[in-house]
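Here's the structure, in structure tokens; my notes come after.
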Amino acid sequence: MRPLIPTALLLLTACAQPGGPAETEGTTHDELVAFYQDWRAFHAPPATDGVYDYSASAMAARHNALPEWQARLASFDTTGWPIPAQVDWHLVRAEMNGLDFDHRVMQPWANNPAWYVQIWMDQSDTPEHEGPLAYGFIDVWKYDLPSQASELEAAIRTIPAVLAAAPTNLTGNQQDLWRMGLAVVRDQHDDLERIRAMADGASPTLSEAISEAQDATMAFADWLEAELPSKTGSSGLGIENYDWYLKNVHLSPYGWAEEMQIVQRELARSYTALRLEENNNHGLPAQNPIDNAADFERLQNLAVDDFIAFFAAKDIVEMKPYFDPALRAQVRPFSPEGPQHFFYQVIYRDPIIMQTHWYHWIDLERMRAEPHPSPIRANPLLYNIWDSRSEGLATAMEEMMMHAGFIDGRPRSRELIWILVAQRAARAIAGLRMHSNEWTLQEASDYAVEWTPRGWMQPNGQLVGFEQHLYLMQPGYGTSYLTGKAQIETLLAEYQHATGQDFTIRRFFDHMNDTGLIPAALIQWEMTGKRPAHL
17 MRPLIPTALL LLTACAQPGG PAETEGTTHD ELVAFYQDWR AFHAPPATDG
67 VYDYSASAMA ARHNALPEWQ ARLASFDTTG WPIPAQVDWH LVRAEMNGLD
117 FDHRVMQPWA NNPAWYVQIW MDQSDTPEHE GPLAYGFIDV WKYDLPSQAS
167 ELEAAIRTIP AVLAAAPTNL TGNQQDLWRM GLAVVRDQHD DLERIRAMAD
217 GASPTLSEAI SEAQDATMAF ADWLEAELPS KTGSSGLGIE NYDWYLKNVH
267 LSPYGWAEEM QIVQRELARS YTALRLEENN NHGLPAQNPI DNAADFERLQ
317 NLAVDDFIAF FAAKDIVEMK PYFDPALRAQ VRPFSPEGPQ HFFYQVIYRD
367 PIIMQTHWYH WIDLERMRAE PHPSPIRANP LLYNIWDSRS EGLATAMEEM
417 MMHAGFIDGR PRSRELIWIL VAQRAARAIA GLRMHSNEWT LQEASDYAVE
467 WTPRGWMQPN GQLVGFEQHL YLMQPGYGTS YLTGKAQIET LLAEYQHATG
517 QDFTIRRFFD HMNDTGLIPA ALIQWEMTGK RPAHL
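Every letter in the sequence shown is one number past the one before it in our numbering, and letter 405, counting from 1, is 421.
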């Protein structure tokens, strides 16, 4: 890692949980790492034959044991620890707070039918799945089919037992989570059929396991549908719970009100910039979607070439050999039907724009090829705690690289940048209104559609429903694109002030990359030496 800016070492203080102070757990970072590894083992519920137990009794036992773990963490003597070690302590604290919040408030095993969906076909562009999910999930993209058919079959055979236990566990009354969960469960049936096609008949026993899992999935869906009319409760957290979660789990300096102010400002700013760009571009040819497969593939690959060349020429960041293949792997197939959802409206008009957001894939390759020296950061953080850095930077890169000159000479593509900002602001406002229990998921979706420019968000489309469902399940995620962006912009300003004449854009990005995929507030602490007031 690059040297940190000199700063006075800070003493961490923390109170033990009720029940009296624990004996001192340790005094070194190595001891914290060992404790963290034990903590991660504890975090998983008990399992039998690959089926994790989310029964009321198992969850009560886990929650009852949590205060002892929190007290043990609080007992660490961190006197004299360097800032990176202190940051690691806070990461473990945040994960423990996440589990506590799950038990006190979220209780996804009781409230969210989507919790029991196990099949995930595609890799996320973030360190871990977007949103919450139970242990035992099956990342199909990790299996090489048909050669690993037997391994995948073993995983799929757990699905009937998982779904058989779910109705006993699901006692909640949250209508929107129930309704959207029903749709996601039905999707699992179709995904299982896709797996059958991928295996291409190589394993009759895999096909049998898929059929049994499909039958269990549809039986579960039928039960959910029968229960849906009785579900009448709201699904939002309420502002007080939302604020606690952001501060104590995602370690954000913002609460609900501050986030609303940021995203409303971003919506107004983006619309203003868009209309001015359009006025400036009046008379230029329209930017129509690419209409053939050859150009679509060629222009996507050219976009990767241009982005890599731009990074190198402008000395944005230390170049790595994995940048090109990470981005090249994201070249999309052409659809004769044209853009099928919002982001394809952008990609089909100029594939170069999303290269900036797909810095995500560079992040993931860095995590794989150059894992952080701290095991606490080498693993993806639980509870999407990385969202302000992962989604925040990917979003910030779009506008930052535009200002850096990446799309100079492409005036119509500048319009696309502002459309992206507006869409993210609209869906963030919608998500916040859901969590304040002012809007239902349908009302939130309608708002996101209405305020996305050019009618590019389809009413009642799959994307808008997916996004608002995700933001309901994962508090703070829908806003993190823009609130994380705001934190990173603030960090850049403070970092250049702290480094003075030594500041360069490359030094900024390299130093941020060295900190890992952790909350932006903790990155700020490491990079400036100033501990944020809310920590």
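Don't be surprised by glycine CBs; every beta carbon is placed ideally from N, CA and C. What you are looking at is a predicted structure, and each value in this text was computed from that prediction instead of being measured.
Alpha-carbon to alpha-carbon, Q191 and L488: On the sequence shown, position 472 is the one that residue 488 refers to. On the sequence shown, position 175 is the one that residue 191 refers to. Between L488 and Q191, the C-alpha separation is close to 12 Å.
Those residues which DSSP pairs with T64 across a bridge: Position 48 of the sequence shown, counting from 1, holds the residue named residue 64. T64 pairs with V67.
Beta carbon of E41 nearer than 7 Å to that of R78: Start at 1 with the first residue of the sequence shown, and residue 41 comes out as number 25. Start at 1 with the first residue of the sequence shown, and residue 78 comes out as number 62. Taking 7 Å as the Cβ cut-off, E41 and R78 do not qualify as a contacting pair.
N- and C-terminal bounds of the alpha helix (DSSP H) containing V465: Against the sequence shown, residue 465 aligns to sequence position 449. First-last of the alpha helix (DSSP H) with V465: 457-467.
Residues of its chain near W157, where Cβ-Cβ distance is below 6 Å and the 5 sequence neighbours each way are ignored: The residue you call residue 157 lines up with position 141 of the sequence shown. Apart from the 5 residues on each side of it in sequence, W157 sits with its Cβ closer than 6 Å to the Cβ of D138, Q139 in its chain, given in chain order.
Touching by the beta-carbon criterion (3+ pairs, under 8 Å), the segment 415-429 and the segment 261-281: Touching, no, given that fewer than three Cβ pairs across the two stretches are closer than 8 Å.
Any 3 or more C-beta pairs closer than 8 Å across the segment 349-368 and the segment 487-507: Verdict: no, contact absent.
K501: first and last residue of the uninterrupted alpha helix (DSSP H) it sits in: As a first step, residue 501 is located in the sequence shown; it is residue number 485 there, counting from the start. For K501, the enclosing alpha helix (DSSP H) starts and ends at 493-515.
Buried or exposed by the 16-neighbour rule on C-beta atoms within 10 Å, applied to Q361: Indexing the sequence shown from 1 puts residue 361 at position 345. By the neighbour-count rule (16 or more Cβ atoms within 10 Å), Q361 is buried.
Three-state secondary structure (DSSP) of I226: Looking up residue 226 in the sequence shown gives position 210. Helix.
Beta-bridge pairing of Q356 - partner residues as DSSP gives them: Residue 356 sits at position 340 when you count from the first residue of the sequence shown. Q356 is not bridged to any residue.
Three CB pairs or more closer than 8 Å across the segment 123-133 and the segment 173-190: A contact exists between the segment 123-133 and the segment 173-190.
Coil, strand or helix - D203 by DSSP: In the sequence shown, the residue the question calls residue 203 occupies position 187. It is helical.
Cutoff 8 Å; reference G254; Cβ partners in own chain excluding five residues on either side: Taking the first residue of the sequence shown as position 1, residue 254 is located at position 238. Closer than 8 Å at Cβ, skipping near neighbours: H451, S452, N453.
Close-in-space but distant-in-sequence residues of the same chain around G532 (CB under 6 Å, 5 per side omitted): Working through the sequence shown from its first residue, we reach residue 532 at position 516. The residues are H388, R393.
Given 8 Å, three or more beta-carbon pairs between the segment 516-533 and the segment 428-439: Taking 8 Å as the limit for Cβ pairs, the verdict is that the segment 428-439 does not touch the segment 516-533.
Through-space distance from E144 to A38, alpha-carbon basis: In the sequence shown, residue 38 corresponds to position 22, counting from 1. In the sequence shown, residue 144 corresponds to position 128, counting from 1. Here the model assigns A38 a pLDDT of 45, short of 50, so the residue's position is not dependable and the matter cannot be decided.
Nearest residue (CA-CA) to T288, options Q503, A438, G147: Against the sequence shown, residue 288 aligns to sequence position 272. Of Q503, A438, G147, the residue nearest in Cα terms is A438.
Close beta carbons around W472, own chain, < 6 Å, minus the five adjacent residues each side: Stepping through the sequence shown from its first residue, residue 472 is reached at position 456. Residues of the same chain with a CB within less than 6 Å of the CB of W472, apart from the 5 flanking positions on each side, are F358, Q361 in chain order.
Cβ pair L267, A537 closer than 7 Å: Looking up residue 267 in the sequence shown gives position 251. Looking up residue 537 in the sequence shown gives position 521. Cβ atoms of L267 and A537: closer than 7 Å.
Contact set for I226: own chain, Cβ-Cβ below 7 Å, skip 5 residues either direction: Counting from one through the sequence shown, the residue named residue 226 turns up at place 210. I172, L208, I211, R212, listed in sequence order.
Residues of its chain near F519, where Cβ-Cβ distance is below 8 Å and the 5 sequence neighbours each way are ignored: Counting from 1 along the sequence shown, the entry for residue 519 is found at position 503. The answer, listed in chain order, is Y511, Q512.
Spatially closest choice to F51 from I401, W136, A90, by CA coordinates: Here residue 51 corresponds to residue number 35 of the sequence shown, with the count starting at 1. Comparing Cα positions, the closest option is A90.
In DSSP terms, what Q190 is bridged to: The residue you call residue 190 lines up with position 174 of the sequence shown. For Q190, which the question treats as bridged, DSSP gives the partners G249.
I433 in three-state terms, based on DSSP: As a working note, residue 433 is residue 417 in the sequence shown. Reduced to three states, the DSSP call for I433 is helix.
Beta-carbon proximity of W131 to D155, cut-off 7 Å: Within the sequence shown, the letter at position 115 stands for residue 131. Within the sequence shown, the letter at position 139 stands for residue 155. Contact: no.
Nonlocal neighbours in the same chain, by C-beta distance under 7 Å from L222, ignoring five residues either side: Counting from 1 along the sequence shown, the entry for residue 222 is found at position 206. Answer for L222: A165, L168, E169, A215, listed in chain order.
Beta-bridge pairing of W105 - partner residues as DSSP gives them: Here residue 105 refers to the residue found at position 89 of the sequence shown. In the DSSP output, where bridge partners are listed per residue, W105 has none listed.
Reference P83; option with closest CA among A345, H59, L551, Q204: Position 67 of the sequence shown, counted from the first residue, corresponds to residue 83. Distances from the CA of P83 to each of A345, H59, L551, Q204 were compared; the closest alpha carbon is that of H59.
Nearest residue (CA-CA) to S404, options S496, D340, Q316, A412: Indexing the sequence shown from 1 puts residue 404 at position 388. Relative to S404, the option among S496, D340, Q316, A412 whose CA is nearest is S496.
DSSP three-state assignment for D424, whether helix, strand or coil: Looking up residue 424 in the sequence shown gives position 408. In this structure, D424 counts as coil in the three-state DSSP scheme.
CB of L448 within 7 Å of CB of Q484, strictly: Sequence index remark: in the sequence shown, residue 448 carries index 432 (1-based). Sequence index remark: in the sequence shown, residue 484 carries index 468 (1-based). For the 7 Å CB-CB criterion, L448 and Q484 do not form a contact.
Member of L193, L161, D160, Q204 whose CA lies at the smallest distance from the CA of L11: Outside the modelled stretch of the chain, which goes from 17 to 551, sits residue 11, for which no answer is possible.
Boundaries (first-last residue) of the alpha helix (DSSP H) holding I324: As a working note, residue 324 is residue 308 in the sequence shown. I324 -> alpha helix (DSSP H) spans 309-329.
Residue burial classification, H373 (beta-carbon count within 10 angstroms, cutoff 16): Sequence index remark: in the sequence shown, residue 373 carries index 357 (1-based). By the neighbour-count criterion, in which 16 or more other beta carbons inside 10 Å mark a residue as buried, H373 falls on the buried side.
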